[in-house]
Amino acid sequence: MTMHTETFLVEIGTEELPPKALKTLSNAFTAGITAGLEAAEISFGRVKSYAAPRRLAVMIESVQTVQNDKIVERKGPAKKSGFDADGNPTKALQGFARGCGAAVEDLVEIETDKGIWMAYNLAQKGQAVESLLPGIVNQSLAKLPIPKRMRWGSSDIEFVRPVHWALMLLGDQIVPATILGHETSNTTKGHRFHAPAEMVISKPEAYAEQLLTQGYVMVDFDERQARVRTQVIAAAEKAGGTAVINPDLLEEVTALNEWPVAVVGDFDETFLSVPSEALISAMAGHQKYFHMLDDNNQLMAKFITVSNIESSNP
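Right under this line is the structure:
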């Protein structure tokens, strides 16, 4: 019989997540879910993580929708203590059989390095995976590496930031659950300013593209980072310089923006009398700016910042 599979999607919508922790949280969330599936003996295919300032999401293809049936071996007393001298079952063996919901005649003998023992082979029916997914997701969230959790409102629920929605789909069906105080649905939200309304995700495979085209959100971290890099380089070249892209700053800026738009800024050239190291440190550390160099490899009085919004008058 062909195993039935569906694509699984879970998204947790939050207030802005700590940018320096975003990748770590995303990786841990994904790892926790896949570990939960493996522990439940649920097969699955390709795994994709998504992470943006206001959301963590995981999409997993080819998720088995019903666990396989299996035989679970329950080990009982040793054979020598399970029968008396006349070969009749002892109370210990009878009690073991009752505990298994079986008759003594249904028990089997198993050989071990410590002798022969009595056992019962229990046929265990596989559960619908839909019923297991809420527990797997909640357990993964509970294990996230969050040094200091916070509470909000009157709830005693704790997380790294306040949670506003939870989306969970298996195929085109909502997986009913309560995640961090929110009932799951098939809706998400786009960019806070460009597309704040709820939008329905019809199926997991449409998630990233729908957020991109309708929601002004590049939810794929790596794709967003590539766009930031490309835009910063292009903006600097257009402004007559070369952008210096620090990898750590690039990752942090990517984690701060759902819809990155590179913008050129400048400052008074008199500040160039200040040691360049101090200016660069202030721009990167405090402002999250990428500094620029001229053709002589000297610091320019220009920088590139990445805005999280398309402005008609940047």
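Note that the sequence shown covers residues 3 to 316 in this note's numbering. For glycine and all other residues, C-beta sits at the position ideal for the given N, C-alpha and C.
{"query": "Please check the pair T190 and W154, which I expect to be a contact at CB under 8 Å, by giving their CB distance rounded to whole angstroms.", "result": "Between W154 and T190 the Cβ distance is about 20 Å, and since that is not below 8 Å, they are no contact."}
{"query": "Tell me, which residues are paired with T189 by DSSP?", "result": "V202"}
{"query": "Grab the span of the beta strand (DSSP E) containing N140 for me, first residue to last.", "result": "First-last for N140: 131 to 144, but that is the alpha helix (DSSP H), not the beta strand (DSSP E)."}
{"query": "Following the continuous beta strand (DSSP E) through S309, name the residue where it begins and the one where it ends.", "result": "301 to 309"}
{"query": "What's the C-alpha gap between R151 and T16?", "result": "13 Å"}
{"query": "How would you label M294, buried or exposed, when you count the other beta carbons within 10 angstroms and need 16 or more for buried?", "result": "buried"}
{"query": "When DSSP labels each residue in this structure, what does V230 get in the three-state scheme?", "result": "helix"}
{"query": "Whole angstroms is fine: what's the gap from A236's alpha carbon to E185's?", "result": "44 Å"}
{"query": "How many Å lie between A23 and Q96 at the Cα?", "result": "56 Å"}
{"query": "Tell me which residue opens and which closes the alpha helix (DSSP H) that F10 is part of.", "result": "Element bounds for F10: not the alpha helix (DSSP H) but the beta strand (DSSP E), 7 to 16."}
{"query": "In the DSSP assignment, find the beta strand (DSSP E) that holds K77 and state where it starts and stops.", "result": "72 to 80"}
{"query": "Could you tell me the distance, in whole angstroms, from the CA atom of S28 to the CA atom of Y122?", "result": "43 Å"}
{"query": "What separation, rounded to the nearest whole angstrom, lies between the Cα atoms of S51 and T32?", "result": "6 Å"}
{"query": "Using 8 Å for Cβ pairs, my map puts G78 next to L109. What's the rounded Cβ distance?", "result": "7 Å"}
{"query": "Got a sec? Which residues, its chain only, sit under 6 Å from V68 by beta carbon, not counting five neighbours each side?", "result": "G128, A130"}
{"query": "Please work out which residues of its chain come closer than 6 Å, Cβ to Cβ, to F10, disregarding the five sequence neighbours upstream and downstream, and give them in chain order.", "result": "I62, V65, L172"}
{"query": "Shortest alpha-carbon distance to I203 belongs to which of D222, M220, A197, I176?", "result": "I176"}
{"query": "Taking all protein chains shown into account, do 16 or more other C-beta atoms lie within 10 angstroms of the C-beta of Q227, making it buried, or fewer, making it exposed?", "result": "buried"}
{"query": "According to DSSP, is R2 helix, strand or coil?", "result": "Past the boundaries of the shown model lies residue 2; the chain is included only from 3 to 316, so the question cannot be answered."}
{"query": "Ignore the nearest five residues each way along the sequence and tell me which others in A42's own chain have a CB closer than 6 Å to its CB.", "result": "L134"}
{"query": "Which residues bound the alpha helix (DSSP H) around F31?", "result": "24 to 41"}
{"query": "So if DSSP puts T114 in a beta bridge, which residue, or which two residues, is it bridged to?", "result": "G117"}
{"query": "CB I138 to CB G38, shorter than 7 Å?", "result": "yes"}
{"query": "At 3 residues or longer, what runs of the beta strand (DSSP E) sit wholly inside the segment 230 to 283?", "result": "263 to 268"}
{"query": "In the DSSP assignment, the beta strand (DSSP E) including L295 goes from what residue to what residue?", "result": "292 to 295"}
{"query": "To the nearest angstrom, how far is the alpha carbon of F223 from that of E271?", "result": "35 Å"}
{"query": "Rounded to a whole number of angstroms, what is the C-alpha to C-alpha distance between G267 and T307?", "result": "7 Å"}
{"query": "For the beta strand (DSSP E) containing A168, name the first residue and the last one.", "result": "165 to 172"}
{"query": "Which same chain residues end up closer than 6 Å to N70 when comparing Cβ atoms and leaving out the 5 residues on each side of it in sequence?", "result": "G128"}
{"query": "Kindly give me the distance between the Cβ atoms of V230 and L252, rounded to whole angstroms, as I take these residues to be in contact under 8 Å.", "result": "6 Å"}
{"query": "If we ignore side chains and look at the alpha-carbon of each, how far apart do E111 and A87 end up?", "result": "18 Å"}
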